[in-house]
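Going by the numbering used here, the letters in the sequence shown line up with residues 2 to 184, in that order.
Quick reminder that beta carbons are idealized off the backbone N, C-alpha and C, glycines included.
Keep in mind the model is a prediction, meaning the values are calculated, not measured.
In what follows, a structure is listed as structure tokens, so that the remarks can point back to it.
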Amino acid sequence: MESENLINRRSFLKIAGIASAVSLFPSIVLGKTDVPYKKSLSLYNIHTGENLTTTFWADGAYIPEALVDINHILRDYRTDAATEMDIELFDLLYSIRSNLDSSKPFHVISGYRSPKTNAMLNSNSSGVAKKSLHMEGKAIDINLPGRNLAELKKIAMNLKQGGVGYYPDSNFVHVDVGRVRSW
């Protein structure tokens, strides 16, 4: 009985000591720095000529104004329709960019597609899915000038965060946050 109480007291004191250290010196104990963690993207829409560089996530939260700006630049340029893009797509782009160690903007070939635009593209090409994830705001076609397209594809595939389509003749890589697959 005496030894059980001793163990409980020791465990309590150990936990209390750790809790005190965390509360007094959280940056040292938890390895945090004074610089808040941020996720940023740079995008260039090749059809509208618009540029955007924005921080879309900081201090543990998405930034609503930045999400609105990204949704706008990724709108269907043919119809000017926009949608609320899936934020997992922004996280995927951030991961790709981080792995490429590049500050250059992604060139956006296609972001959101309205059903009208998708139907038109599908009727003109066998490479456009009838139920494209572009219509759900879960896909984007991109390239990164100055970087090898095959390298972009490889990094996206290695992340295993969704689908990756490789279109070297059209100079873009399709990435989406659907199921993991490649073509």
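- For the pair Lys39 and Val129, the Cα-to-Cα distance works out to about 34 Å.
- In the structure shown, Thr56 adopts extended strand secondary structure according to DSSP, grouped into three states.
- In chain order, Val165, Tyr167 and Val174 place their CB closer than 7 Å to the CB of Lys154, counting only its own chain and leaving out the 5 sequence neighbours on each side.
- Taking all protein chains shown into account, Tyr45 has 16 or more neighbouring C-beta atoms within 10 Å of its C-beta and is therefore buried.
- The distance from the Cβ of Ile110 to that of Ile156 is about 18 Å, inconsistent with a contact at the 8 Å cut-off.
- Looking at Arg180, Asn159, Lys161 and Asn144, the one whose alpha-carbon comes closest to that of Asp170 is Asn144.
- By DSSP's assignment, Ile143 forms a beta bridge with Val109 and Val174.
- In this structure, the beta-carbon distance from Thr84 to Asn100 does not fall below 8 Å.
- Around the CB of Ala140, 16 or more other CB atoms lie within 10 Å, so the residue is classed as buried.
- As DSSP reads the structure, Tyr168 sits in a beta bridge with Phe173.
- Using a Cβ distance threshold of 8 Å, Tyr113 and Met86 count as a contacting pair.
- Cβ-Cβ separation between Ala67 and Arg76: approximately 15 Å, too far for a contact (criterion under 8 Å).
- Non-local beta-carbon contacts of Lys161 in its own chain, meaning distances under 8 Å to residues more than five positions away in sequence, involve Val181 in chain order.
- Taking the Cα positions, Phe107 is about 13 Å away from Gly50.
- Of the residues assessed, Asn119 falls on the buried side of the cut-off, its CB having 16 or more other CB atoms within 10 angstroms.
- Ser43 is the residue among Ser104, Ala151 and Ser43 whose C-alpha sits nearest the C-alpha of Asp70.
- A Cβ-Cβ separation of about 6 Å places Gly163 in contact with Leu93 under the 8 Å criterion.
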